[in-house]
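Just add 3 to wherever you are in the sequence shown, counting from 1, and you've got this note's numbering.
Glycine residues also receive a C-beta, built at the ideal position from the N, C-alpha and C atoms.
From a predicted model like this one, the values you see are computed outputs, not experimental measurements.
Only one structure is covered here, and it is reproduced in the block below.
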Amino acid sequence: MPDRTIAFILLAAGRSERFGGDKLISPYKGKPLWRWAADAAEEAGFHERFLVIGEHSSVRVPAGWEEVVNADAAQGMGTSIAAGVSAAMHHDRVVIGLADMPMMSAAHLRRIASGRGAVFTGYEDGSAGCPAGFDGETFAELRNLTGDRGARGLDLPNLSIIEPADPTLLFDVDLREDRYIEH
């Protein structure tokens, strides 16, 4: 289980433009989409959890989570990473996840948490992305992210990539039709 020096940051401030509405509160297999990623973080054992939302979000932050409102959410994911890391500065490490990834497993999140340096999840197309973990020495760079630019564009030392045990864990909901895909 991750210790208290490791925080989990769930990014839930996106605009859902391709989806055509507020996708994170849309039902997916019986509960709001964002709850799946939140439940995985809770099951993984993160004691410190931050939920980054936009100013007018329909997501209601549950007990056990700290709300982080990103007033600049419309400018892109980089601003949400910056807001989340700013809120979690007193931790030694953060793991960042996306609220539109309902299949993410607690086991994979724990693997990311136990890594050292920058740790990204490897995708089948060879790219790297979320969930991802970062040690404190990268926090200053993460807090300066802007726009839609994520952390993989940074020149980070000690970078490693962890492949998920099952590639279906990387499924994310972008379009309304994606909610009905069974895995």
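Test: residue i CB closer than 7 Å to a CB of chain C
i	result
Asn-161	The structure shown contains no chain C; it holds only a single protein chain.
Local conformation of residue i per DSSP, three classes
i	result
Pro-170	helix
Thr-124	strand
Leu-36	helix
Ala-66	coil
Gly-129	coil
8 Å CB neighbourhood of residue i in its chain, flanking five on each side removed
i	result
Pro-135	The sequence shown places Ala at residue 135, rather than the Pro named in the question. Here the set comprises Val-98, Ile-99, Ile-115, Ala-121, Val-122, Phe-123, Thr-124, Ala-154 and Arg-155.
Glu-69	Glu-51, Arg-52, Phe-53, Leu-54 and Ala-90
Where the beta strand (DSSP E) through residue i begins and ends
i	result
Gly-153	From DSSP, Gly-153 is part of no beta strand (DSSP E); its letter is neither H nor E.
Glu-69	69–73
Ile-56	51–57
Ile-9	9–15
Val-98	96–101
Gly-139	Gly-139 -> no beta strand (DSSP E), and no H or E assigned at all.
Ser-163	163–165
Contacting residues, own chain, Cβ-Cβ under 7 Å from residue i (five flanking each side not counted)
i	result
Gly-81	Leu-148, Thr-149, Gly-150, Asp-151, Arg-152 and Gly-153
Pro-167	His-111, Thr-124 and Leu-173
His-186	Residue confidence is low: His-186 scores 39 on pLDDT, short of 50, so the model does not pin down where it sits. No coordinate-derived value is stated.
Cys-133	Ile-99, Gly-100, Leu-101 and Thr-124
Same chain, Cβ closer than 6 Å to residue i, neighbours up to 5 away in sequence not counted
i	result
Pro-170	Glu-127
Gly-79	Gly-150 and Asp-151
Ala-16	Val-55, Ile-56, Gly-57, Asn-73, Ala-76 and Ser-83
Alpha helix (DSSP H) segment containing residue i, residue limits
i	result
Leu-91	This sequence places Ala at residue 91; Leu is not what is there. Ala-91 -> no alpha helix (DSSP H), and no H or E assigned at all.
Ala-110	109–117
*For the 8 Å Cβ check, are there 3 or more pairs between the region 107–114 and the region 42–50?*
A contact is defined here as three or more CB-CB pairs under 8 Å, and the region 107–114 meets this definition with respect to the region 42–50.
_Meets three-Cβ-pair contact criterion under 8 Å: the region 81–99 and the region 139–152_ = Yes, the region 81–99 is in contact with the region 139–152.
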